[in-house]
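Note sheet for the following structure.
There are 2 protein chains.
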Amino acid sequence: MNILEKITNELDTLSKSERKVAEVILSSPNTVIHSSIAALAKEANISEPTVNRFCRRLDTKGYPDFKLHLAQSLANGTPYVNRHVDETDSAEEYMSKIFESTMANLELARKSLDPMLINRSVDVLTQANKISFFGLGASAVVAHDAQNKFFRFNVPVVYFDDILMQRMSAINSRQGDVVIVISHTGRTKSLVEVASLAKENDATVIGITSKDTPLAKECSIVLSLDVSEDTDLYMPMASRIAQLALIDVLATGFTLRRGSKFRDNLKKVKDSLRSSRFDRKD
Amino acid sequence: MNILEKITNELDTLSKSERKVAEVILSSPNTVIHSSIAALAKEANISEPTVNRFCRRLDTKGYPDFKLHLAQSLANGTPYVNRHVDETDSAEEYMSKIFESTMANLELARKSLDPMLINRSVDVLTQANKISFFGLGASAVVAHDAQNKFFRFNVPVVYFDDILMQRMSAINSRQGDVVIVISHTGRTKSLVEVASLAKENDATVIGITSKDTPLAKECSIVLSLDVSEDTDLYMPMASRIAQLALIDVLATGFTLRRGSKFRDNLKKVKDSLRSSRFDRKD
DNA sequence: GGAAAAATGAAATTTTATTCCATAATTAGG
DNA sequence: CCTAATTATGGAATAAAATTTCATTTTTCC
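If you read the sequences in order, they're chains A and Z. With the working numbering, the residue at position 80 of the first sequence is 911, and numbering never jumps. With the working numbering, the residue at position 128 of the second sequence is 959, and numbering never jumps.
Shown next as structure tokens:
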């Protein structure tokens, strides 16, 4: 993968002249990425074709391609990974770890989502008579946020984080209603029951949950989100953020489907808040 | 300096044709690093000199040098840039854009946070007699989430998204109480007043807001979060997610400060939920 | 509406990389 | 230790790519 390592590994399969090239590159790779093939050849006291052959031997397409690989190796970035917080971490460390894990999980979540199902969900939502968001605990927060967003669209929308209200609402639902049930684990009994009730009453049930959960089985559409929670801390962190991002996607899909006139309306909603705010000086 | 971000930032200083180039590059940077200047020019429907001028405008020496920078940016882990959703985007496109923008903004937010202030905030929180979270609109959701988290720590914690309750609560606060006020714009009048009231009553006021806002001026500690909201859609998206990640950081700092015994307690809280869930088969 | 400034692309030029091939170096077999 | 075969190497030619120049078009500003 890393071309510098590769050069080191293959050093003994190279010919004498090619090794000269390798040495120049290894000794100052940062200069090389800004050199032409002629400059490098001169530096290594060999000819240009030799440099070219050297590049091919390393499975690159030629000198420019080789420089590209070299540049990437030097950039040597740390891609975002799920790093667990450690007891001895400083504020800076745990802060970085949490942000990075969150980003890594968003990436995971994105990969696990099927755009076709997003599209179907948006279809269903734009045609809904009423939209309900149900969640408990951390997912209640997401449902709450979803209500705030869809409320702006001037469609009937409700959100409940109370089991009884959820049940009653589910029982009262009917064809044309959309019920979005949010649960990372997909195993919360009362929510699974609510989904089932809503379905029995002909509502379209969209589940925001993980793959193959009891909740997923009760849903008309399952938007599955894979995230790996850091269970060390016993608190939902990444899952709810991925859920929120998904809500953003659905809300965006909704506004796009409704067209530009509709977006003017959103602007009005936003402008209506102006008087409650301090002016900007700039 | 990530060149993809740079392109995004300078998008409006570019000429029409140069912007075409920028768009092609942003939409598939991985293709571009393997393209010749001619291929890119053709893809963007402009001439080769324009590509060249574009590269120079971004302070690179020319096209090959630009490709080098681009390659490094891509290797650098984050190809995540703030990309605006477009009217003609497919579900897959707007989904990707939203997730990527969210990630890009989390990165921005992380950079704008000062670990020292995080540390101070955690200090204050661990010693608090009572913790209150206040927010309105999208930030109310964040406050709601914060309550869920801190509630597990077995400390007195409240959350209000009602201006009157917020005011009353602020007036009743006293030394040793911590009030966390959340507002992306930092310009919501009633929240600024609440912060001011709490401060007058000797509570420690922590603001989660942007830099240099009216709210920031009223706070004892300002945790400033820079994010660039996509104002095209008139909905808070990235800001609240960054705020949530910050809440995670604070909550994590809290548990770390309290030590391992305390974390056993968290496990108990989590275990208490077990009976309300379906068992896992695996 | 027109002059000045800015943007753009066609063509020429320059730079850079690659190919071809003759020659030199190395190796293996006697 | 020599010779034929193989491999490595570089000079020159060629091809490809990037850059510069400059005329033309478009935009901006009065």
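Virtual Cβ for every residue (Gly too), placed ideally from N, Cα, C.
Original post:
Which word fits Z/T909, buried or exposed, when buried means at least 16 other C-beta atoms lie within 10 angstroms of its C-beta?
Top reply: Against the second sequence, residue 909 of chain Z aligns to sequence position 78. Because the pLDDT of Z/T909 is 49, which lies under 50, any placement of that residue in the model is unreliable, and the number read from its coordinates should be weighed accordingly. Buried, because 16 or more other Cβ atoms sit within 10 Å of the Cβ of Z/T909.
Original post:
Nearest chain A C-beta to Z/N1080 closer than 8 angstroms, yes or no?
Top reply: One-based indexing of the second sequence puts residue 1080 of chain Z at position 249. The question names Asn, but residue 1080 of chain Z in the sequence shown is Val. Closer than 8 angstroms: yes.
**OP:** May I ask you to verify whether the stretch 836-856 of chain A touches the stretch 882-901 of chain A, counting CB pairs closer than 8 angstroms and requiring at least 3?
**Re:** yes
**OP:** Leaving aside the five residues before and after Z/D896 along the sequence, list all residues of the same chain whose C-beta is less than 8 angstroms from its C-beta, in chain order.
**Re:** Counting from 1 along the second sequence, the entry for residue 896 of chain Z is found at position 65. Excluding sequence neighbours, Z/D896 sits near C886.
Subject >> Buried versus exposed, by CB contacts within 10 Å (16 or more), A/E1031 >> reply: The sequence position of residue 1031 of chain A within the first sequence is 200, counting from 1. Its Cβ having fewer than 16 others within 10 Å, A/E1031 is exposed.
Subject >> Contact check, Z/S1014 vs Z/S970, beta carbons under 8 angstroms >> reply: The residue you call residue 1014 of chain Z lines up with position 183 of the second sequence. The residue you call residue 970 of chain Z lines up with position 139 of the second sequence. Going by C-beta atoms, Z/S1014 is nearer than 8 angstroms to Z/S970.
Original post:
Roughly how many angstroms lie between the CA atoms of Z/N985 and Z/E918, to the nearest whole one?
Top reply: Translated into the one-based positions of the second sequence, residue 985 of chain Z becomes position 154. Translated into the one-based positions of the second sequence, residue 918 of chain Z becomes position 87. Using only the alpha carbons, I get a separation of about 47 angstroms.
**OP:** Flag this pair as touching only if the stretch 1038-1048 of chain A and the stretch 988-1004 of chain A have three or more C-beta atom pairs under 8 angstroms; answer yes or no.
**Re:** no
Subject >> CB contact check: Z/Q958 to chain A, cutoff 8 angstroms >> reply: For the purposes of this step, residue 958 of chain Z is taken as residue 127 along the second sequence, with counting starting at 1. No, its Cβ sits nowhere closer than 8 angstroms to a Cβ of chain A.
**OP:** Tell me whether A/A828 is buried or exposed, calling it buried when 16 or more other Cβ atoms sit within 10 Å of its Cβ.
**Re:** The displayed coordinates of chain A run from 832 to 1113. Any statement about residue 828 of chain A would go beyond what the structure contains.
**OP:** Determine whether the Cβ of A/I1037 lies closer than 8 angstroms to any Cβ atom of chain Z.
**Re:** Position 206 of the first sequence, counting from 1, holds the residue named residue 1037 of chain A. Closer than 8 angstroms: no.
Subject >> Short-range partners of chain A found in the stretch 932-945 of chain Z, where Cβ spacing is below 8 angstroms >> reply: T933, M934, L937, E938, A940, R941 and L944
Original post:
Can you find a C-beta in chain Z that's less than 8 angstroms from the C-beta of A/H915?
Top reply: As a position in the first sequence, residue 915 of chain A is number 84, starting the count at 1. By this cut-off, A/H915 is not an interface position.
Original post:
Hey, does A/P895 have any beta-carbon neighbour from chain Z nearer than 8 angstroms?
Top reply: Looking up residue 895 of chain A in the first sequence gives position 64. Yes, A/P895 lies at the interface with chain Z (some Cβ there is under 8 angstroms from its Cβ).
Original post:
So A/F981 packs on A/I962, CB below 8 angstroms; how close in whole Å?
Top reply: Taking the first sequence and counting its residues from 1, one reaches residue 981 of chain A at position 150. Taking the first sequence and counting its residues from 1, one reaches residue 962 of chain A at position 131. About 6 angstroms separates the two Cβ atoms, so the contact holds.
Subject >> Spatial neighbours of A/S866 in its chain, beta-carbon cut-off 8 angstroms, leaving aside the 5 residues before and after >> reply: Reading the first sequence from its first residue, position 35 is the one you call residue 866 of chain A. Taken in chain order, the residues that qualify are E874.
Original post:
With 16 other CB atoms within 10 Å as the buried threshold, where does Z/R1071 fall?
Top reply: Here residue 1071 of chain Z corresponds to residue number 240 of the second sequence, with the count starting at 1. Counting Cβ neighbours within 10 Å, Z/R1071 comes out buried, since at least 16 surround it.
Subject >> A/L1081 versus Z/T1083, Z/Q978, Z/Y925 and Z/N1003, residue with shortest Cα-Cα distance >> reply: Your numbering for residue 1081 of chain A matches position 250 in the first sequence. Taking only the C-alpha atoms, the option nearest A/L1081 is Z/Y925.
Original post:
Per DSSP, what kind of secondary structure is A/F782 in: helix, strand or coil?
Top reply: Residue coverage of chain A in this structure runs from 832 to 1113, which leaves residue 782 of chain A outside it and unanswerable.
**OP:** Please list the partners that A/D976 has in chain Z, where partner means a Cβ-to-Cβ separation under 8 angstroms.
**Re:** Taking the first sequence and counting its residues from 1, one reaches residue 976 of chain A at position 145. Per Cβ cutoff of 8 angstroms: A969, V972 and R1071.
**OP:** Tell me A/I1013's beta-bridge partners as DSSP assigns them.
**Re:** One-based indexing of the first sequence puts residue 1013 of chain A at position 182. Beta-bridge pairing links A/I1013 to A/G966 and A/I1039.
Original post:
Per DSSP, what kind of secondary structure is Z/T909 in: helix, strand or coil?
Top reply: The count along the second sequence starts at 1 and reaches residue 909 of chain Z at position 78. With a pLDDT of 49 at Z/T909, under the threshold of 50, the predicted position of this residue should be treated as unreliable, and no value is reported.
Original post:
Are the stretch 935-948 of chain Z and the stretch 1048-1056 of chain Z touching by the rule of at least three beta carbon pairs closer than 8 angstroms?
Top reply: yes
Subject >> Distance between A/S932 and A/T844 (C-alpha atoms, nearest Å) >> reply: Reading the first sequence from its first residue, position 13 is the one you call residue 844 of chain A. Reading the first sequence from its first residue, position 101 is the one you call residue 932 of chain A. For A/T844 and A/S932, the distance between alpha carbons rounds to 41 angstroms.
**OP:** Give the interface partners of Z/T1083 over in chain A, defined as CB-CB distance under 7 angstroms, in chain order.
**Re:** The residue you call residue 1083 of chain Z lines up with position 252 of the second sequence. Within 7 angstroms Cβ-Cβ: V916, Y925, I929 and L1064.
**OP:** Could you work out which residues of chain Z lie near A/D1033, taking near to mean beta carbons separated by less than 9 angstroms?
**Re:** In the first sequence, the residue the question calls residue 1033 of chain A occupies position 202. None at all; the shortest Cβ gap to chain Z is about 25 angstroms.
Original post:
From the beta carbon of Z/K1042, is the nearest beta carbon of chain A less than 8 angstroms away?
Top reply: Against the second sequence, residue 1042 of chain Z aligns to sequence position 211. Judged by the 8 angstroms Cβ criterion, Z/K1042 is not in contact with chain A.
Original post:
Under 7 angstroms from any heavy atom of the ligand ATP, does the C-beta of A/G968 make it?
Top reply: Among the components of this structure there are no ligands whatsoever, and the ligand ATP is therefore not found.
**OP:** Name, please, each residue of chain A whose Cβ falls closer than 9 angstroms to the Cβ of Z/R1088.
**Re:** Within the second sequence, residue 1088 of chain Z is the residue found at index 257, counting from 1. Ordered by position in chain A, no residue passes the 9 angstroms Cβ test against Z/R1088, which lies about 10 angstroms from the chain.
**OP:** Would you mind reading off the limits of the beta strand (DSSP E) that contains Z/F991?
**Re:** Mapped onto the second sequence, residue 991 of chain Z falls at position 160. Taken as a continuous stretch (DSSP letters only), the beta strand (DSSP E) holding Z/F991 covers V988 to F991.
Original post:
Given that A/N950 touches chain Z, what residues does it touch there, using C-beta distances under 7 angstroms?
Top reply: In the first sequence, the residue the question calls residue 950 of chain A occupies position 119. Going along chain Z in sequence order, the residues near A/N950 (Cβ under 7 angstroms) are A922.
Subject >> According to DSSP, residues forming a beta bridge with A/V1053 >> reply: One-based indexing of the first sequence puts residue 1053 of chain A at position 222. Its beta-bridge partners are A/G1038.
Original post:
In three-state DSSP terms, what is Z/T1086?
Top reply: For the purposes of this step, residue 1086 of chain Z is taken as the residue at position 255 of the second sequence. The answer is helix: DSSP assigns Z/T1086 an H, G or I state.
Original post:
When we look at the beta-carbon of A/H915 and count the other beta-carbons within 10 Å, is it buried (16 or more) or exposed?
Top reply: Residue numbering aside, residue 915 of chain A sits at position 84 when the first sequence is read from its first letter. Looking at its Cβ environment, which holds fewer than 16 other Cβ atoms inside 10 Å, A/H915 is exposed.
Original post:
Counting along the chain, where does the alpha helix (DSSP H) carrying Z/E918 start and finish?
Top reply: Counted from its first residue, the second sequence places residue 918 of chain Z at position 87. That residue, Z/E918, is in no alpha helix (DSSP H); it is neither H nor E in DSSP.
Original post:
Hey, out of Z/R951, Z/D1079, Z/K1020 and Z/R1088, whose CA is closest to Z/T1036's CA?
Top reply: What you label residue 1036 of chain Z is simply residue 205 of the second sequence in a count that begins at 1. According to the sequence shown, residue 1036 of chain Z is Val rather than Thr. Z/V1036 has its Cα closest to that of Z/R951, out of Z/R951, Z/D1079, Z/K1020 and Z/R1088.
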